[in-house]
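Engineer: Input: one structure, supplied below.
There are 2 protein chains.
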Amino acid sequence: MLTRPDVAIVGAGPVGLAIAWRCATRGLRVTVHDPAPGSGASRVAAGMLAPVAEAYFGERELTGLLTASAARWPGFAAELTAATGREFGYRTDGTLVVGLTGDDLAEARRLWSYQQGLGLPISALRPSQLREREPALTPRLRGGAVAPGDHQVDPRRLVDALRVAAERAGATLLPGLVTRLAEVDAPVVVVAAGCGAAALTGLPVRPVKGQVLRLRAPDHRPPGFRHVIRGYADGESVYLVPRDDGEVVLGATVEERADTEVTTGAVLRLLRAAVDLVPELAEYALTEATAGLRPGTPDNAPILGPLPGRPGVLAATGHHRHGIVLTPVTADLITDLIVTGQPDPLLTPFTADRFH
Amino acid sequence: MLTRPDVAIVGAGPVGLAIAWRCATRGLRVTVHDPAPGSGASRVAAGMLAPVAEAYFGERELTGLLTASAARWPGFAAELTAATGREFGYRTDGTLVVGLTGDDLAEARRLWSYQQGLGLPISALRPSQLREREPALTPRLRGGAVAPGDHQVDPRRLVDALRVAAERAGATLLPGLVTRLAEVDAPVVVVAAGCGAAALTGLPVRPVKGQVLRLRAPDHRPPGFRHVIRGYADGESVYLVPRDDGEVVLGATVEERADTEVTTGAVLRLLRAAVDLVPELAEYALTEATAGLRPGTPDNAPILGPLPGRPGVLAATGHHRHGIVLTPVTADLITDLIVTGQPDPLLTPFTADRFH
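Protein chains in written order, with our numbering: chain A, 1 to 356; chain B, 1001 to 1356.
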């Protein structure tokens, strides 16, 4: 690319690549700067699209954004597949929330009662109903719920597809590492650098470590369950995400640490809870143990839109645990803002000035 | 090497390399054939030199050989270091045997009482005495014993040192894979091919899978304990081998399987027992999870010496769980047999004809 781009995006994770794809499709000249596309939080992420099960106490505005983005996912996925011919593990089997002991069930129920109170689609199920849907669940279960609208996608394959889509639409990926925004010459610069945004902008984005395991069903079979399972087991909270190719993603710790070491204690706690919930997992291969850093913010919500005092610089970072589900809405809102100059009202609660 | 060797050794694990070193030192021309030296059972092995703690019921002859080989280890290690200038983690801190629950202690005591009955050096210790020696042990321990003569070495570094020693003494390593003994042209052929010996010779050597984890103490510290710890924890039997560089080897499953997949259930059982015995291990990094195949035999003892009906072919295989401790005695006995033509009486119980 010899001409100056209209938009330079720092960071080629799913958020940065989706913005690049959307902007390039709208006719803008786009560069994306990243020495290692897809190597950040998305590389470790499980890819749950869970606006309901991820609706936590005191996060109503974030819950609204999660819901808005999840609603865009079917169209986003269809467009992306049409543009690239790629599949990326988008599945709509729904999510089961389960509690192993009475205490676990009480904790789970407290949260899903809150979610029901918000009008979100989640319904209690008896143990027999849970095991009817997923016979692989332990008979010891005390109960749970189903969130039929909480889906999943494979983040690694999503990044591959988004990269193809962005490049086909005309965006240019550049491998240089951006250490200061002044190095990038474009009228609009989008900081989609995950944890790297802090050093580039001074935004309050901090690393939140997550350890995740990848398992594989034996004999090239698919996993023995279809739903995403979010379980509480003896006080430990884990999720299990089954993929068509036999993989199960098992996560995740949430640690206020900036290293990416896999620790014995975390692996033990994740495996114990997983095998307690779905006993057949003991026979699965353990194929990968990794730790990633989520870009966390003071209120767990992303930072989207103009940076105060930095004309031409937009933030699209701080997605914490929600980068994958929030990819479509982030890409749409940021692209619209760039093209029209008008911020969508949806953006208002998530701009950086809320921290001032 | 243009001239025909006097001795061709198939397999460059510790046993094959030690025989090569010993034979070359005695002036023989030696070739060692292996496409991947040190990639077999020794790559996964923990390297316990434990003639006492590995003295099991009904294996008196094997116990004698383990004891004889362990007695050669100090001299063998000193010679190898002198020949190469290498260290290989040879440590003589001794071994603690510990039982977590009353049942675990009863099981451990049953075995060490048998070992004491053989006159082997192992003495019971009270929980306070165990924790005086290793404060990192859990206060929950019910009791245990100390085997001061059970030591350790790092098998990976041992293989490196043996390779240097063999080559310096004049042996030649050849990377070709030997699939039939007829491919090797030498008056004496030694089959030291571990599990590969079965296909080459028809000997009753079968793979016995072992899963092993490698942990690392935080902050570049050495592990918080110096002894090898062999523990029984809620019915699970594990060992913990601390290295000076911060590594802890945690093993091992014993499975009648020929695959090398790491499974969730095995990792869970190993970690649970280890953390129950030494709680600080929960803070260690989990750096490696591997599975290897031990060359097992019908009576768990190695197969050493002439192969019936195959003149010029010697076996040095079937070392099962004991390849590292048995390396010195195997190398000495096989080399003496080659040089003198006379089998040492120590060999008699371990020749292949016992299976006819």
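From the three backbone atoms N, C-alpha and C, an ideal C-beta is built for every residue, glycine too. Only a predicted model underlies this, so the values are computations on that prediction, with no experimental measurement involved.
1. Leaving out the 5 sequence neighbours to the left and right, which residues in its chain are closer than 8 Å to H1220(B) when beta-carbon positions are compared?
2. Between R1156(B) and the rest of its own chain, which residues show a CB-CB distance below 8 Å, the 5 nearest in sequence each way excluded?
3. Taking three-plus beta-carbon pairs below 8 Å as touching, is the segment 69–87 of chain A in contact with the segment 174–184 of chain A?
4. Taking all protein chains shown into account, decide if E1054(B) is buried (16 or more other Cβ within 10 angstroms of its Cβ) or exposed.
5. Within the continuous beta strand (DSSP E) that includes Y1114(B), where are the two ends?
6. With DSSP collapsed to three states, give me the class of A129(A).
7. Does DSSP put H1220(B) in a helix, in a strand, or in coil?
8. Does R1156(B) come out as helix, strand or coil in the three-state DSSP assignment?
9. Would you say L281(A) lies against chain B (beta-carbon separation less than 8 Å)?
10. Tell me whether the beta-carbon of V1329(B) lies closer than 8 Å to the beta-carbon of R1004(B).
11. Would you say V1189(B) reaches chain A, if we count a Cβ-Cβ gap shorter than 8 Å as a contact?
12. Please give me, in chain order, every unbroken run of the alpha helix (DSSP H) with length at least 4 that falls completely inside the segment 1132–1186 of chain B.
13. If L1304(B) and A1316(B) are in contact, beta carbons under 8 Å, what's the gap, nearest whole angstrom?
14. Helix, strand or coil for P295(A), going by three-state DSSP, please let me know.
15. Tell me which residue opens and which closes the beta strand (DSSP E) that I303(A) is part of.
16. Taking the CB atoms as reference points, tell me whether I1019(B) and V1188(B) lie closer together than 8 Å.
17. In three-state terms, what does DSSP make of E1054(B)?
18. Evaluate contact between the segment 332–351 of chain A and the segment 1115–1128 of chain B, counting only Cβ atoms and requiring at least three cross-stretch pairs below 8 Å.
19. If I measure Cβ to Cβ from L1092(B) and keep anything under 7 Å in the same chain, skipping five residues before and after, which residues do I get?
20. Using a Cβ-Cβ cut-off of 8 Å, state whether G1013(B) counts as contacting chain A.
21. Let's test the definition: count the other Cβ atoms within 10 Å of the Cβ of G235(A) and tell me whether it reaches 16, buried, or not, exposed.
22. Ignoring anything shorter than 4 residues or poking outside the segment 13–73 of chain A, list the alpha helix (DSSP H) runs there in chain order.
23. Within 10 angstroms of the Cβ of H356(A), are there 16 or more other Cβ atoms? Answer buried if so, exposed if not.
24. Three or more beta-carbon pairs under 8 Å between the segment 1130–1141 of chain B and the segment 1029–1038 of chain B, yes or no?
25. Taking three-plus beta-carbon pairs below 8 Å as touching, is the segment 306–320 of chain A in contact with the segment 1006–1016 of chain B?
26. In chain order, what are the residue ranges of uninterrupted alpha helix (DSSP H) at least 4 long that sit wholly in the segment 318–356 of chain A?
27. Which residue's Cα is closest to the Cα of R1022(B): D1160(B), A1166(B), G1099(B) and E1087(B)?
28. Using the DSSP secondary-structure output, state which residues sit across from A1008(B) in a beta bridge.
29. Chain B beta carbons: is any one of them nearer than 8 Å to that of A233(A)?
30. Taking a Cβ distance cut-off of 8 Å, strictly less, list which residues of the segment 1243–1274 of chain B are near chain A, in chain order.
31. May I ask which residues mark the beginning and end of the beta strand (DSSP E) holding V407(A)?
32. Report yes if the C-beta distance between V212(A) and L250(A) is below 8 Å; otherwise report no.
33. Is there a Cβ from chain A that is less than 8 Å from the Cβ of A1289(B)?
34. Which two residues bound the contiguous beta strand (DSSP E) that contains T95(A)?
35. Step through the CB atoms of chain A and report whether any lies within less than 8 Å of the CB of Y1239(B).
36. Just to confirm, are L62(A) and N300(A) a CB contact at a threshold of 8 Å?
Structural biologist: Concretely, from the data shown:
1. G1246
2. Apart from the 5 residues on each side of it in sequence, R1156(B) sits with its Cβ closer than 8 Å to the Cβ of G1038, S1042 and R1043 in its chain, given in chain order.
3. As far as the Cβ criterion goes, the segment 69–87 of chain A does not touch the segment 174–184 of chain A, which means the pair count is below three.
4. With 16 or more other Cβ atoms inside 10 Å of its own Cβ, E1054(B) counts as buried.
5. No beta strand (DSSP E) holds Y1114(B); the alpha helix (DSSP H) holding it covers G1102 to G1117.
6. Reading off the sequence shown, one finds Gln at residue 129(A), where the question assumed Ala. DSSP places Q129(A) in helix when its eight states are reduced to three.
7. helix
8. helix
9. yes
10. no
11. no
12. Within the segment 1132–1186 of chain B, the runs of alpha helix (DSSP H) at least 4 residues long that lie entirely inside it are, in chain order, 1155–1168.
13. 6 Å
14. strand
15. Start and end: I303 to P306.
16. No, Cβ-Cβ distance for I1019(B) and V1188(B) is not below 8 Å.
17. coil
18. no
19. Sequence check: residue 1092(B) is Thr here, not Leu. Contacts found: H1151.
20. no
21. G235(A) should be labelled exposed.
22. 14–25 and 41–44
23. exposed
24. No: fewer than three Cβ pairs fall under 8 Å.
25. no
26. 327–340
27. A1166(B)
28. T1031(B) and V1189(B)
29. no
30. E1261, V1262, T1263, T1264, G1265, V1267, L1268, L1271, R1272 and A1274
31. Because chain A here runs from 1 to 356, residue 407(A) falls outside it and cannot be looked at.
32. yes
33. Yes, contact with chain A.
34. For T95(A), the uninterrupted beta strand (DSSP E) segment begins and ends at T95 to G99.
35. no
36. yes
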